[in-house]
Amino acid sequence: MTRVTLIHNARLIDPASDKVADGAILFAEKILDIGAVTSAPDGAEIVDAHGAHIMPGLIDMRVVIGEPGAEHKETFKSAGRAAAAGGVTTLVMMPNTTPVIDDQSLVDFVLRRGSDRAGGVHILPAAALTKGLDGALMTEVGLLAEAGAVMFCNGDRPIADTRVLLRALKYATAFGALIAHRPEDPCLAEGGVMHQGELAARLGLSGIPAVAEAIFARRDLALAELTGGRLMLDMLSTVQALAPLQRAKARGVNAVASVNVHHLVLNENDVDGYRTFAKLSPPLRSEDDRRALVEAVRDEVIDVIVSGHDPRPAEDKRLPFAEAAFGAVGLETLLAGALTLHHNGDVPLTTLIRAMTLKPAEILKLPQGRLEKGAPADLILVDLGAPFKLDSDALKSKSNNSPFDEKTLQGIVKRTFVGGRTVFPV
Amino acid sequence: MKQNDSGPVRFRSKHLLAIADLNRPEVDALLTRAEAFEPLLEKKIKKLDALRGRTLINLFFESSTRTQSSFELAGKRMGADVVNMSVRSSSVAKGETLIDTAATLNAMRPDLLVVRHGASGAAALLARKVDCAVINAGDGQHEHPTQALLDAFTIRRRLGDIEGLIVAICGDVLHSRVARSNVALLNLLGANVRLIGPPTLMPTGAERWGARVFHDMREGIKDADVVMMLRVQRERMAGGYFPSAREYFWFYGLDEDKLKCAKAGALVMHPGPMNRGVEIDSSVADNPSVSLIETQVRMGVAVRMAVLEALAETGADEGANP
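Put into structure tokens, the structure is as follows:
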């Protein structure tokens, strides 16, 4: 039996209703009562929140874990610890492991190993859309979905062959499966290491043009419209992709989109000085792009904010810029990074939280992400305004490649519950 | 719905290229006529002389065992002289075009030309270039009308009137000429037609063919009287239409478990050749109480006898009234 907990004197953020209200919450495995709760059963733990915020635990739809195959980068255990510390109670694990998650037995492995090792944090596998991520042969979408794959994607390798993506989107409709695809034309992006623009030219680095994203975003949306398939444009980075997305949504196309939190806070200038920790894929774009992405989150044209957590050991990053690996860790900075937009007054708090809780829950058809009676008690207690200077060496992730290193952020997770059990602090 | 046989049937159309060439009375009369030929297969001497002196050419550009031998037997039992033209030994291999072949054959003055070709519309093209009656024995992904007729005949003999029956056609509808002919004929005969298959193997606009489209097989065969399985070709996997044979079998292969969703006593059909373990499980295919698969082959000869007779009669009429 999970112990009953009462948290009172809290500010409750309900992502479904746009309301932030003073109150209390009573929960065991599920949320038992909410609002003006005054009494708790004997033996319950009573927590005074001292005015801190309670919200549903975050659902991070894009996390790379090194297990199996690259355990030196990240394991289920270290990812679980990092997630819990960052307030992430559910994460979707990318299939680009070794071997690639493209078979039922590997989906089963992730589900079992995740529940054994991740300290309670829910780890949900995304399966590969093509075998070995080769971009040519579709995986067993139906069997993988039955085994527990929550969505399908091709990792960081966009599918160049339009017919492969067309057939996959069409085939997946039989199972209602979600396909998350990175819109980036690999031919245009090839060899590029940062956003193509004046800064890249000055630094002498090859650029990845914004149009590489715009072209594939339009293509992918057209395919989703043609097939009726469920598409998620994975990690948009440019203003040019937003108008086609908005128009497609207005026409009723079954498409959603995500953005990496780093692209909402940082821009290409953070790369200046050849800072490889800010080398991301898609690359950090211009300030105009960043502003447009923030507005798209505010207007809910972009549905989901993800961490894009991609652990890279120092040896992969401490290299000349062009040779360094892409990617940044993000599980522990997703919330604080996103809250920057709230503190700046750019995005309302509930909209921001919704993009990391209710929206991903709806897209993945999960019962989590809600602050309502009967919902799973995956909850976080957060001091929204508390400042901290990020010390990436103190991160719980096995890798510490964060572009937020040394930056001051606001929003500290004080406690994380999964199914009513405390998973952070341990 | 057995009617009394009133002798040879005559068609309005000179050729049988697609089910649309037939109307309801013609089909009813044809199936009734086939009924009369069927007992002949059990007789010691299985031969009639209705087509004596007539020439039937079997022109098969695609290899086929059952259809070609079925037409050959049907022709011989009706007393016709049957010539089998095999593609490899023909001049097509030497670069002759289909129209050249038609002209050459036409010069031999056959009465009936049975054609199978890998290209949709090939039978219709030949029909425009020859003077005799042309029977489409399968053109690309377009039609295979005698298969649909023998399927209807098989159902009618087992279940009686087709009107109102629920017939679920399952599999690679996109590439299937059998499915196209069957949907047309079953609609003509008043059946409730359903199409089941993965979205990638369902033609665009199939829901406008007069059939309900399903992607969930259990849902699609619910309460069905007849489940008609289609052959799925393994090369469709490499084409990206579906990922693997095991996934196909799991979701769209007919096994005893899925068949339980159909009406009790539902019958199973397959135009052959079967891929066991891909679209159909042996436990179903070989169960004589549900499987009509062997009956289909047997009925094929009787139906084709009736078709050959009808087209020969139609041609004779035409000759009499120039």
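For the record, the sequence lines run as chains A and B.
Each residue of the first sequence is one higher than the one before, starting from 18 at the first, in this note's numbering.
Each residue of the second sequence is one higher than the one before, starting from 23 at the first, in this note's numbering.
Positions of the beta carbon are idealized from the N, C-alpha and C atoms, including for glycine.
The structure presented is a predicted model; accordingly, all values stated were derived computationally and were not measured.
- Rounded to the nearest angstrom, the gap between the Cα atoms of Val117 of chain A and Pro330 of chain A is 20 Å.
- Contacts with chain B at 8 Å (Cβ-Cβ) include Lys187 of chain A.
- Between Ser305 of chain B and Leu252 of chain B, the CB-CB gap reaches or exceeds 8 Å.
- Listed in chain order, the beta strand (DSSP E) runs fully inside the stretch 228-276 of chain A are 247-250, counting runs of at least 3 residues.
- Below the 8 Å Cβ cutoff, chain B contributes no neighbours of Val37 of chain A, its closest Cβ being approximately 43 Å away.
- Around the beta carbon of Gly52 of chain A, fewer than 16 other beta carbons sit within 10 angstroms, so the residue counts as exposed.
- Listed along chain B, the residues sitting closer than 8 Å to Thr156 of chain A by beta-carbon distance are Pro265.
- For Glu62 of chain A, the enclosing beta strand (DSSP E) starts and ends at Glu62 to Asp65.
- Taking every protein chain shown into account, the CB of Cys204 of chain A has fewer than 16 other CB atoms within 10 angstroms, so this residue is exposed.
- In this structure, the straight-line span from the alpha carbon of Phe338 of chain A to that of Asn286 of chain A is close to 14 Å.
- Secondary structure note for Ser92 of chain B: its alpha helix (DSSP H) is the uninterrupted segment Arg88 to Arg99.
- Using beta-carbon distances, Glu269 of chain B counts as an interface residue toward chain A, with a partner under 8 Å.
- The distance from the Cβ of Leu396 of chain A to that of Ile71 of chain A is about 6 Å, consistent with a contact at the 8 Å cut-off.
- When Cβ-Cβ separations below 8 Å define contact, Leu369 of chain A makes no contact with chain B.
- Note that the stretch 196-211 of chain A touches the stretch 223-235 of chain A; at least 3 beta-carbon pairs, one per stretch, sit closer than 8 Å.
- The DSSP-derived three-state label of Pro337 of chain A is coil.
- Assignment of His360 of chain A by DSSP, reduced to helix, strand and coil, places it in the helix class.
- Counting every other CB atom within 10 Å of its CB across the protein chains shown gives Ala42 of chain B a total below 16, marking it as exposed.
- DSSP, reduced to helix, strand and coil, places Glu165 of chain B within a strand of the structure shown.
- In this structure the stretch 158-167 of chain A lies against the stretch 107-127 of chain A, because at least three pairs of beta carbons, one per stretch, are closer than 8 Å.
- Per the DSSP secondary-structure output, Gln427 of chain A pairs in a beta bridge with A:Pro404.
- Excluding residues up to 5 positions away in sequence, Thr147 and Lys148 lie with their Cβ nearer than 7 Å to the Cβ of Leu154 of chain A in the same chain.
- Taking a Cβ-Cβ threshold of 8 Å, none of the residues of chain B is close to Leu195 of chain A; the smallest such distance is about 15 Å.
- Going by beta carbons, Ala378 of chain A and Ile76 of chain A fall inside the 8 Å limit.
- Judged by beta-carbon spacing, Ser203 of chain B lies within the 8 Å limit of Glu165 of chain B, meaning their Cβ atoms are closer than that value.
- By the neighbour-count criterion, in which 16 or more other beta carbons inside 10 Å mark a residue as buried, Lys36 of chain A falls on the exposed side.
- Residue pairing of Phe33 of chain B in beta bridges, as defined by DSSP: absent, with no partner found.
- Counted as a single uninterrupted DSSP element, the alpha helix (DSSP H) harbouring His280 of chain A occupies residues Val278 to Val282.
- Across the structure, Phe44 of chain A and Thr107 of chain A are spaced so that their CA atoms are roughly 18 Å apart.
- Under the DSSP definition of a beta bridge, His212 of chain A partners with A:Ile225.
- The beta carbon of Arg371 of chain A sits closer than 6 Å to those of Pro32, all from its chain and outside the five residues before and after it, given in chain order.
- If you look at Ile370 of chain A, you'll find it in the alpha helix (DSSP H) that goes Leu366 to Arg371.
- Of the candidates A:Leu23, A:Pro442 and A:Asp173, the residue whose Cα lies closest to the Cα of Thr114 of chain A is A:Asp173.
- Residues of chain B with a Cβ closer than 7 Å to the Cβ of Arg184 of chain A are, in chain order, Thr222, Gly262 and Tyr263.
- Within 9 Å of the CB of His237 of chain B, the CB atoms of chain A belong to Thr190, Ala191 and Phe192, in sequence order along the chain.
- CA-CA distance, Gly354 of chain A to Leu407 of chain A, rounds to 11 Å.
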